[in-house]
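Novice: Letter by letter, the sequence shown follows residues 135 to 294 of the numbering used here. Cβ atoms here follow ideal geometry from the backbone N, Cα and C, with glycine treated the same way. These figures come from a predicted structure and were not determined experimentally.
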Amino acid sequence: MRFILKLIRSLFGPKKEYTIEPLLHSNADRLFQEWSSGFGISIPQPNRPLQLADISGNYAVKGRNPNATGEGYFGSLKLEPKGTLVKAYWEIGHTRQPQHGLGFLKDDLLALDFYYTEEGTRYYGQVIYKVDGDRLIGFWRENHVGELAIEEAKLKNKLV
135 MRFILKLIRS LFGPKKEYTI EPLLHSNADR LFQEWSSGFG ISIPQPNRPL
185 QLADISGNYA VKGRNPNATG EGYFGSLKLE PKGTLVKAYW EIGHTRQPQH
235 GLGFLKDDLL ALDFYYTEEG TRYYGQVIYK VDGDRLIGFW RENHVGELAI
285 EEAKLKNKLV
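(1) In the DSSP assignment, find the unbroken alpha helix (DSSP H) run with Phe166 in it and report its ends.
(2) From the DSSP output, read off the bridge partner residues of His234.
(3) When DSSP labels each residue in this structure, what does Ile262 get in the three-state scheme?
(4) Pull up the distance between the alpha-carbon of Glu168 and that of Leu157, whole angstroms please.
(5) Taking the continuous alpha helix (DSSP H) assigned at Ile175, which residues delimit it?
(6) With C-beta atoms as the reference, is Arg280 less than 9 Å away from Ile154?
(7) Kindly indicate which residue of Phe208, Ile189, Gly191, Ser190 has the alpha-carbon position closest to the one of Arg198.
(8) Could you say which of Tyr250, Thr229, Leu219 lies nearest to Gly237 if we only look at CA atoms?
(9) Exposed or buried, Glu276, counting other C-beta atoms within 10 Å across all chains shown (16 or more means buried)?
(10) Return the chain-ordered list of same chain residues with a C-beta closer than 6 Å to the C-beta of Gly206, the five sequence neighbours on each side being excluded.
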């Protein structure tokens, strides 16, 4: 219950704006700590270092947009290994808006750069998820917005 109250406060409370910097192995931990601190929620402590196969699968996604209305959204996320990297594909909302990402796994953090096209304009962003068993807790931002938003993904099925 405490988690839900903190989540509600964080979703409707004041938002912080952050400068965009590249996602790297060397800064993923620091960025996740900075991004999550503005939401006032408890993040699981590090588990064990993960392998790409541990996170490969199809996920159900829900989150909130980083705008004044903070409107919610839902969708799906597919994660699969691509060499030493992770390839991501989201379908968001009723329109199943496609979004594509590529990133890396560092210990129990998954860091992804992503993009999507809307009305002929391509938008770019970043997301860092903390892997907690079959759940991902993430914070994301888009380069043209600057504010952070929260997203959660729950594993539906593993990829073989």
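Specialist: According to the structure data:
(1) 162 to 171
(2) Tyr223, Tyr249
(3) strand
(4) 13 Å
(5) Where Ile175 is concerned, there is no enclosing alpha helix (DSSP H), given that its DSSP letter is neither H nor E.
(6) Note that residue 280 is Gly in the sequence shown here, rather than Arg. For Gly280 and Ile154, yes; Cβs fall inside 9 Å.
(7) Phe208
(8) Nearest to Gly237 by C-alpha distance, out of Tyr250, Thr229, Leu219, is Leu219.
(9) buried
(10) Correct list, in chain order: Arg198.
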